[in-house]
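*Asks:*
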Amino acid sequence: MIEIAELTKHYAETVAVDDLTFTVRPGQVTGFLGPNGAGKSTTMRMIVGLDRPDRGIATVNGIPYAEHPAPLRQVGALLEARSIHRGRSARNHLLALAQTHRFPARRVGEVLAMVGLEGVGHRRAGGFSLGMGQRLGVAAALLGDPAVVMMDEPTNGLDPDGVLWIRNLLKALAGEGRTVLVSSHLMSEMAVTAEHLIVIGRGRLVADTTVAELIARVEVDRVSVRSPEATDLRELLIGLGAKVTGLEAGLLEVSGLTAERISDVAFRNGLPVYELTPQRATLEQAYMELTKDSVEYRENERTAA
Amino acid sequence: MTTLIEDRAGQGIDGDRDGAAYRVTLRRVTRSEWTKLLSLRSTWIVLVAMAVVTVGVAAGTGWAYEQRISDGEVEAGAARAVGSAFLALELAGLVIGVLGVLQMSGEYSSGLIRASLAAVPRRLPLLWAKALVLIGLTFPFMVLICLASFETVLLFAPSDHSGLADDGVVRAIVGAAAYPVGIGLLGLAIGTLIRHTAGAVTTLVVTMLVVPAIILALPEAVRDAIGPYLPITAGQAMFGMGLGEEPVGMLSPGAGAVVMLGWIAVLLGAAAVLLRRRDA
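Heads up: the sequence lines are chains A and B, in that order. Counted from 1, the first sequence has number 303 at position 303 by this note's numbering; the numbering is strictly sequential. Counted from 1, the second sequence has number 239 at position 239 by this note's numbering; the numbering is strictly sequential.
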């Protein structure tokens, strides 16, 4: 369990995290979503005590992270991609971390095997590919067999296999009753990984909800209608106050009327309807809708993409 | 809770999450830092290269010392032998000083500091452990190098019949070994304060080489008042043999050691305060 209360952090002129309050519960994957620069990384760094909040508090299983006698038993964190000295072997990197808690040395071999690096444990981490470096970071996060697993954009730089691997790993960890918090700026990734979502923008909480609720919240009032008598139907619907746009010949997009009303109108006037589809918001749309006021870098992202 | 590891590849970790079994202690962090220092190839390369150069220079100075004895320029004696043996000790000081800087600045440049501080979120044990392993590795190493340098000088200067039994020789060897280690601890403090390798190394070099040069250029009264208390001159006093030929006055070996320890305490103290306070 991670509890965050009124967490606030400024860097010089900018507010990175602004009065953030939420709780991350065990047994499920919680997605931590927001545009780049929304404050996700800063929040995660404050949870493990790397950054000091200006105000507010973050606790892990009831007390601040740093007050746990064996912190790595509580939280395993994968933060920015590389937290590894290039000149040290993967095995020695993990061994040094394990020794701070006197975890048994066999544990190093176990986590290397779990992330599929057992064959390259003796190699210097400087020669690792981005994906291997990411796997080594995951191994370090799992070293203490922790109650809470926290990963910041873990799929960055991974190939499709690696993305799938991370997704399954996170679900398995949550299935074991652990608390799992994973950040991403990609809604599509979270849609297939997370059950619960914390959405932030410009450091503020935008939504704390489930995936299903999030879609429901952003109701899109549009119905697409396919009819061979589209022109006549269009006149009728406009007469009832609807806004109608023609997408292609025989296909209308109607807003301001429910699908039921449109169906009644067509039936009473003897106009055949081949298709009547209320448009549902996609998760991507829901997310864009929620964060549109809080996007700082969307233009840059677009350019980069 | 069943553990992931039981499910997949091993036995996981037993025991209470807040139990004492896996408590972070200074002893454990020190063990970890020992692994970190020894697992870098650069540590060994640098130390071995430094040993070769230091003892090699001692061979040269020993030979020159023998010439000066036979030319009648100097009289043979333990004080002269010690002086010849440790002429290249500045190099050892610089090398171990940089090693100390890198112990911390290397963590910042690689990003490892985030993993280290997440494992040791109380932070200070990390700094103390780094200091302990630096001492633990380099002091015995330096004692061996200093002994070897002294014996090398005697080997190349057969006219000098002094040895370890002479007054002050063992003390000077221990002091000479401690001096670079002290610079190393200053380097560790500077690396923690400045965090960037280039800036920290520059600061170390300025402290060791440039400041003393500036002091030498000052009026005599100021020079004599400040000169002996610099880290470098106080450190050198620890292996002085009282020849009185240094450009600035020298403290006694004991007083030199006290001043050196004072510098280390002040700088490591400041490093500890900032390490605690700053965002990583």
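Each residue gets a CB set at the ideal place from its N, CA and C atoms; glycine is no exception. Predicted, not measured: the structure shown is a model, and the values here were computed from it.
Would residue 302 of chain A be called buried (16 or more neighbouring beta carbons within 10 Å of its own) or exposed?
*Replies:* Because residue 302 of chain A sits at a pLDDT of 43, beneath the cut-off of 50, its placement in the model cannot be relied upon, and the point is left open.
*Asks:* Check each candidate in A:47, A:37, A:36 and name the one with the smallest Cα separation from residue 1 of chain A.
*Replies:* It is A:47 whose Cα lies nearest to the Cα of residue 1 of chain A.
*Asks:* For a contact defined as C-beta to C-beta under 9 Å, what are the partners of residue 121 of chain B on chain A?
*Replies:* 48, 49, 50, 64, 65, 66, 67, 68, 71
*Asks:* Pull up the distance between the alpha-carbon of residue 262 of chain A and that of residue 249 of chain A, whole angstroms please.
*Replies:* 18 Å
*Asks:* When we look at the beta-carbon of residue 221 of chain B and count the other beta-carbons within 10 Å, is it buried (16 or more) or exposed?
*Replies:* exposed
*Asks:* So residue 100 of chain A contacts chain B; which residues on that side make the cut at Cβ distance below 7 Å?
*Replies:* Residue 100 of chain A reaches chain B at 24, 28, 29, 32, 119, 120, counting residues in chain order whose Cβ is nearer than 7 Å.
*Asks:* Residue 115 of chain B versus chain A: which residues are under 7 Å apart at the beta carbon?
*Replies:* 83, 97, 140
*Asks:* Looking at C-beta atoms only, is the number of pairs between the stretch 147-155 of chain B and the stretch 107-123 of chain A that lie closer than 8 Å three or more?
*Replies:* Of all C-beta pairs linking the stretch 147-155 of chain B to the stretch 107-123 of chain A, fewer than three are shorter than 8 Å, placing the two stretches out of contact.
*Asks:* Quick one: residues in its chain with C-beta nearer than 6 Å to the C-beta of residue 274 of chain A, no 5 flanking neighbours on either side, listed in chain order?
*Replies:* 226
*Asks:* Let me check understanding here. Comparing Cα to Cα, which of B:176, B:192, B:120, B:51 lies closest to residue 268 of chain B?
*Replies:* The residue among B:176, B:192, B:120, B:51 with its C-alpha nearest the C-alpha of residue 268 of chain B is B:192.
*Asks:* Please go through the same chain and pick out, in chain order, the residues whose beta-carbon is closer than 8 Å to the beta-carbon of residue 146 of chain A, but skip the five residues on each side of it.
*Replies:* 72, 73, 74, 75, 76, 178
*Asks:* Please give me, in chain order, every unbroken run of the beta strand (DSSP E) with length at least 3 that falls completely inside the stretch 177-232 of chain A.
*Replies:* The stretch 177-232 of chain A contains these whole beta strand (DSSP E) runs: 179-184, 196-201, 204-210, 223-226.
*Asks:* What's the C-alpha gap between residue 19 of chain A and residue 207 of chain A?
*Replies:* 14 Å
*Asks:* Checking contacts by CB at 7 Å: is residue 252 of chain B closer than that to chain A?
*Replies:* no
*Asks:* Give, in chain order, every residue of the stretch 51-74 of chain B whose Cβ lies closer than 8 Å to some Cβ of chain A.
*Replies:* none
*Asks:* Output, in sequence order along the chain, the residues in the stretch 202-234 of chain B whose CB is closer than 9 Å to any CB in chain A.
*Replies:* none
*Asks:* Using a Cβ cut-off of 7 Å (strictly closer), state whether residue 105 of chain A contacts chain B.
*Replies:* no
*Asks:* Residue 66 of chain A and residue 122 of chain B: beta carbons closer than 7 Å?
*Replies:* Yes, the pair counts as a contact, with Cβ atoms nearer than the cut-off.
*Asks:* So for residue 274 of chain A, helix, strand or coil by DSSP?
*Replies:* Residue state for residue 274 of chain A is assigned as coil, using DSSP reduced to three classes.
*Asks:* Can you tell me where the beta strand (DSSP E) with residue 150 of chain A in it begins and where it stops?
*Replies:* From DSSP, the beta strand (DSSP E) with residue 150 of chain A extends over 148-152.
*Asks:* Can you list the residues of chain A that residue 280 of chain B reaches, using a CB-CB cut of under 9 Å?
*Replies:* 45, 49, 50, 51
*Asks:* Which residues of the stretch 33-47 of chain B have a Cβ closer than 7 Å to any Cβ of chain A? Give them in chain order.
*Replies:* 35, 36, 39, 40, 41, 42
*Asks:* List the residues of chain A that residue 105 of chain B touches, going by C-beta distances under 8 Å, in chain order.
*Replies:* Ordered by position in chain A, no residue passes the 8 Å Cβ test against residue 105 of chain B, which lies about 12 Å from the chain.
*Asks:* Using CA atoms only, rank isn't needed, just tell me which of A:92, A:127, A:84 is closest to residue 106 of chain B.
*Replies:* A:84
*Asks:* Measure the beta-carbon distance from residue 287 of chain A to residue 187 of chain A and round it to whole angstroms, keeping in mind my assumption that it falls under 8 Å.
*Replies:* 4 Å
*Asks:* Does residue 17 of chain B have its Cβ less than 7 Å from a Cβ in chain A?
*Replies:* yes
*Asks:* Helix, strand or coil for residue 9 of chain A? Go by DSSP, reduced to three states.
*Replies:* Strand at residue 9 of chain A.
*Asks:* Rank A:90, A:272, A:199 by C-alpha distance to the C-alpha of residue 230 of chain A and give the top, closest one.
*Replies:* Looking only at A:90, A:272, A:199, the smallest Cα-Cα distance to residue 230 of chain A is reached by A:272.
*Asks:* Helix, strand or coil for residue 30 of chain A? Go by DSSP, reduced to three states.
*Replies:* strand
*Asks:* Measure the C-alpha to C-alpha separation of residue 25 of chain B and residue 19 of chain B and round it to an integer number of angstroms.
*Replies:* 13 Å
*Asks:* Does any residue of chain B have a CB that is nearer than 7 Å to the CB of residue 88 of chain A?
*Replies:* Flagged as an interface residue toward chain B: residue 88 of chain A, by a C-beta distance shorter than 7 Å.
*Asks:* For a cutoff of 7 Å on Cβ pairs, would you count residue 212 of chain A as touching chain B?
*Replies:* no
*Asks:* Just mark residue 98 of chain A as buried or exposed, buried being the case when its beta carbon has 16 or more other beta carbons within 10 Å.
*Replies:* buried
*Asks:* Let's see if you can read the secondary structure: which residues bound the beta strand (DSSP E) around residue 57 of chain A?
*Replies:* 55-60
*Asks:* Between the Cα of residue 244 of chain A and those of A:228, A:260, A:264, A:223, spot the shortest distance and give me the residue it belongs to.
*Replies:* For residue 244 of chain A, the closest alpha carbon among the candidates A:228, A:260, A:264, A:223 is that of A:223.
*Asks:* Hey, quick one: how far does the alpha helix (DSSP H) through residue 91 of chain B stretch, first residue to last?
*Replies:* 89-110
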